[in-house]
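Q:
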Amino acid sequence: MNIDNAILIDVRSDFEYAMGHVEGAKLLDFNSGQFQTAVATMDKDAEYLLYCRSGSRAMFAQMIMQRAGISKVENLGTLENASRVTGRAIVR
30 MNIDNAILID VRSDFEYAMG HVEGAKLLDF NSGQFQTAVA TMDKDAEYLL
80 YCRSGSRAMF AQMIMQRAGI SKVENLGTLE NASRVTGRAI VR
């Protein structure tokens, strides 16, 4: 996966995102009820990187995306790990 070209998605809540997120990450709250609707409109050929607080929500989000036909999706786990792997700062 090309990390520089991948779409970085924070699947935490609005509040968690506001408290700190990886620079350039898009917010898509896994628990908002909008997640599955959004997945249906995603580019199936794009590459996606996901993260959350512990990696659990990102894991479930990854499974939903893969079931929807999105094969290039990776769970980066935590906010801190996503920052480290992507080389992007945490914005607070």
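In our numbering, the protein residues as written are 30 to 121. Don't be surprised by glycine CBs; every beta carbon is placed ideally from N, CA and C. Given the structure is predicted, the values throughout are model-derived calculations rather than measurements.
(1) Taking just the CA atoms, how far does Arg117 sit from Asp33?
(2) Nearest-angstrom Cα distance between Arg113 and Ser42?
(3) Does the beta-carbon distance from Gln65 to Ile93 come in below 8 Å?
(4) Under a three-way DSSP split, which group does Asn60 fall into?
(5) Taking the CB atoms as reference points, tell me whether Gly49 and Val120 lie closer together than 8 Å.
A: Reading from the atomic positions:
(1) One-based indexing of the sequence shown puts residue 33 at position 4. One-based indexing of the sequence shown puts residue 117 at position 88. One C-alpha to the other measures close to 10 Å.
(2) Within the sequence shown, the letter at position 84 stands for residue 113. Within the sequence shown, the letter at position 13 stands for residue 42. Computed Cα separation, rounded: 21 Å.
(3) Walking along the sequence shown from the start, residue 65 turns up at place 36. Walking along the sequence shown from the start, residue 93 turns up at place 64. Yes, the Cβ-Cβ distance between Gln65 and Ile93 is below 8 Å.
(4) Numbered from its first residue, the sequence shown carries residue 60 at position 31. Residue state, collapsed to three classes: coil.
(5) Start at 1 with the first residue of the sequence shown, and residue 49 comes out as number 20. Start at 1 with the first residue of the sequence shown, and residue 120 comes out as number 91. Yes. Within cutoff.
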